[in-house]
Amino acid sequence: SDGETSPTTSMAELDHLVQVISKSHLETCQYLREELQQMSWQNFLQDEVESYQSKPREVMWQLCAVKITEAIQYVVEFAKRIDGFMDLCQNDQIVLLKAGSLEVVFVRMCRVFDSQNNTVYFDGKFAGPEVFKALGCDDLITSVFDFAKSMCSLHLSEDELALFSAFILLSADRTWLQEKLQVEKLQQKTQLALQHLLQKNQREDGVLNKLRFKVSALRSLCSRHTEKLSAFRAVYPDIVRTHFPPLYKELFGA
Amino acid sequence: KEKHKILHQLLQNSTSPVDL
Numbered sequence: 074s075d076g077e078t079s080p081t082t083s084m085a086e087l088d089h090l091v092q093v094i095s096k097s098h099l100e101t102c103q104y105l106r107e108e109l110q111q112m113s114w115q116n117f118l119q120d121e122v123e124s125y126q127s128k129p130r131e132v133m134w135q136l137c138a139v140k141i142t143e144a145i146q147y148v149v150e151f152a153k154r155i156d157g158f159m160d161l162c163q164n165d166q167i168v169l170l171k172a173g174s175l176e177v178v179f180v181r182m183c184r185v186f187d188s189q190n191n192t193v194y195f196d197g198k199f200a201g202p203e204v205f206k207a208l209g210c211d212d213l214i215t216s217v218f219d220f221a222k223s224m225c226s227l228h229l230s231e232d233e234l235a236l237f238s239a240f241i242l243l244s245a246d247r248t249w250l251q252e253k254l255q256v257e258k259l260q261q262k263t264q265l266a267l268q269h270l271l272q273k274n275q276r277e278d279g280v281l282n283k284l285r286f287k288v289s290a291l292r293s294l295c296s297r298h299t300e301k302l303s304a305f306r307a308v309y310p311d312i313v314r315t316h317f318p319p320l321y322k323e324l325f326g327a
Numbered sequence: 005k006e007k008h009k010i011l012h013q014l015l016q017n018s019t020s021p022v023d024l
């Protein structure tokens, strides 16, 4: 041990954890690096932007709900492949996914984000924040883009991103967990593996602290998403009930 | 359980990303 690891977690165990979680991430990351490179980072043309902007609010909300749900399905698969996740009781698996799946979608967003142009891959091309104007959530959209930009600035490797995503999913402080201790153990091990990886990759000491700040930023983004959804649902209850993906409704209590 | 039917299904299925 180099003093960073607990006496019960060996270096070999941490290396193994890094390998397994990285593999799970790559198998479920929705877009591979090679695919992303082939996307040619094409931006929407002005008339395409205007066409999104002129969509009725409910149509744009539905489109975004569908895209978020697609991304979340991959996160669920990721969670299932994290060592120990499927050994948790089913209540806790659900609690962790309800609270953490959208957070991981936001973390993964940096893979499909172009910092230079402030655009994100959406519906086949790269979209700036103005594309989402019809949602009526400009402040939230700006915050999501700012978050993606700041994640990009950390230049995390796929391995580091994988470990951070697992760390987020295994947050032991989520409300309604039944076997908190069990989750805590898994999260601690994941954190050790992340620290171990950062050291191995010779990242500067500040990266882990920067990632710690991201945890609260993610929570804020997700609670604001819930607020916006509540406001939307208050005006369009039938659209949410009949047109939104069932998984989205289960996760966000719509 | 009924409240999280889809999540339960996804957790129980042995799906692969290709199936998604």
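Protein chains in written order, with the numbering used here: chain A, 74 to 327; chain Y, 5 to 24.
The beta carbon of each residue, even a glycine, is placed where N, CA and C say it ideally should be.
Tell me, to the nearest whole angstrom, how far the beta carbon of residue i is from that of residue j; I am working on the premise that it is less than 8 Å.
| i | j | result |
| --- | --- | --- |
| A:V185 | A:F237 | With a Cβ gap of about 16 Å, A:V185 and A:F237 do not count as contacting. |
| A:Q166 | Y:L15 | 6 Å |
| A:L243 | A:L169 | 7 Å |
| A:Y147 | A:Q115 | That belief does not hold up - the Cβ atoms of A:Y147 and A:Q115 are roughly 23 Å apart, past 8 Å. |
| A:M94 | A:A239 | Note that residue 94 of chain A is Ile in the sequence shown, not Met. Correct: roughly 5 Å between the Cβ atoms. |
| Y:H8 | A:E323 | 5 Å |
| A:L291 | A:E143 | Not quite, the Cβ-Cβ distance comes to about 20 Å (not below 8 Å), so this is no contact. |
Note down the Cα distance separating residue i from residue j, rounded to an integer number of angstroms.
| i | j | result |
| --- | --- | --- |
| A:S230 | A:K283 | 15 Å |
| A:F305 | A:Q135 | 11 Å |
| A:Q264 | A:V91 | 10 Å |
| A:E300 | A:G201 | 23 Å |
| A:K287 | A:F220 | 8 Å |
| A:Q110 | A:T192 | 15 Å |
| A:E131 | A:C137 | 10 Å |
| A:M84 | A:S188 | 35 Å |
| A:Q272 | A:A266 | 10 Å |
| A:D232 | A:D88 | 11 Å |
| A:R154 | A:L302 | 30 Å |
| A:K96 | A:D156 | 11 Å |
| A:M309 | A:K140 | Here residue 309 of chain A is Tyr; the residue named in the question, Met, does not match the sequence. When rounded, the distance between both Cα atoms is 19 Å. |
Strictly below 8 Å CB to CB, what residues from chain Y border residue i?
| i | result |
| --- | --- |
| A:V149 | L11, L14, L15 |
Buried or exposed: residue i, going by 16 or more other Cβ atoms within 10 Å of its Cβ?
| i | result |
| --- | --- |
| A:C162 | exposed |
| A:G173 | buried |
| A:V204 | buried |
| A:G76 | In this predicted model, A:G76 has a pLDDT of only 45, less than 50, meaning its place in the structure is not dependable; the value taken from the coordinates is given anyway. That one is exposed. |
| A:A307 | exposed |
| A:M224 | buried |
Counting only Cβ pairs nearer than 7 Å, list the residues of chain Y close to residue i.
| i | result |
| --- | --- |
| A:I167 | H8, L11 |
| A:Q251 | Simply none; closest approach about 14 Å. |
| A:K153 | L15 |
| A:P310 | By Cβ distance, chain Y contributes nothing, its closest Cβ being about 18 Å from A:P310, past 7 Å. |
Q.
Could you tell me which whole beta strand (DSSP E) segments of length 3 or greater appear in the stretch 181 to 247 of chain A?
A. 192 to 195, 198 to 200
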